Amino acid sequence: MTTRVLSPVKGVLAPITEVPDPVFAEAMVGPGVAVHPELTAGDAVSPVDGTIVTLHPHAFVVATAEGAAVLVHLGIDTVKLQGEGFTLHVAKGDAVRAGQPVIGWDPAAVQEGGKSPICPVVALDATAESLVDVREFGPVEAGDALFTWQR
281 MTTRVLSPVK
291 GVLAPITEVP
301 DPVFAEAMVG
311 PGVAVHPELT
321 AGDAVSPVDG
331 TIVTLHPHAF
341 VVATAEGAAV
351 LVHLGIDTVK
361 LQGEGFTLHV
371 AKGDAVRAGQ
381 PVIGWDPAAV
391 QEGGKSPICP
401 VVALDATAES
411 LVDVREFGPV
421 EAGDALFTWQ
431 R
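According to my numbering, the sequence shown is numbered sequentially starting from 281.
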């Protein structure tokens, strides 16, 4: 089974090791990539077609019909913002399409609040070897393919 994972935000694609949090940087939650978001307010979109299985103001997990689950985390330590500056566009249990807005946020406000706005995009329950066709690091648009996940 192959899952194509799209960028949830516009920005610059970087290795997961650039995330200033060892849980993500050392792939403890799973392998993936990170996006340094453009510092303008907008929506984070779903990286895959599926169901919202976890939803917080600062993070969400979408599970595909085949069981692949992708975590999108909007910034680091943003849980400490207690939802301020984030707008949910969906509810837990909702079916979403890749590219559909999930959470509205402002990366510049996150940065001004002293938090890193970098966005880890993680393939949960995957191995580093299962991520293939990882896009070249550099500029990405929301909805651009980041990597393919072989299950």
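For glycine and all other residues, C-beta sits at the position ideal for the given N, C-alpha and C.
Since the structure is predicted, the reported quantities are computational estimates derived from the model, not experimental observations.
query = For GLY393, which of GLY365, ARG377 and ALA314 has the nearest alpha-carbon?
reply = GLY365
request  = Confirm, please, whether the CB-CB distance from VAL370 to GLY312 is below 8 Å.
outcome  = no
inquiry  = Taking contact to mean 3 or more Cβ pairs, one atom from each stretch, closer than 8 Å, check whether the segment 329-336 and the segment 411-428 are in contact.
reply    = no
request  = Note the first and the last residue of the continuous alpha helix (DSSP H) segment covering VAL390.
outcome  = 387-392
ask   = Contact check, LEU354 vs HIS338 under 8 Å by CB: the rounded distance?
value = 5 Å
request  = Sort GLY322, THR334, SER410 and ASP301 by Cα distance to ARG314 and report the nearest one.
outcome  = Checking the sequence, you will find Ala at residue 314 rather than Arg. The option with the nearest alpha carbon to ALA314 is ASP301.
request  = With DSSP collapsed to three states, give me the class of VAL402.
outcome  = strand
ask   = Do you know how far the Cα of ARG431 is from the Cα of VAL325?
value = 23 Å
request  = Check the DSSP bridge columns for PHE366 and list the partner residues they point to.
outcome  = Bridge partners of PHE366: none, in fact.
inquiry  = Assuming PHE304 and PRO400 are in contact, meaning their beta carbons sit under 8 Å apart, how far apart are those beta carbons, in whole angstroms?
reply    = 4 Å
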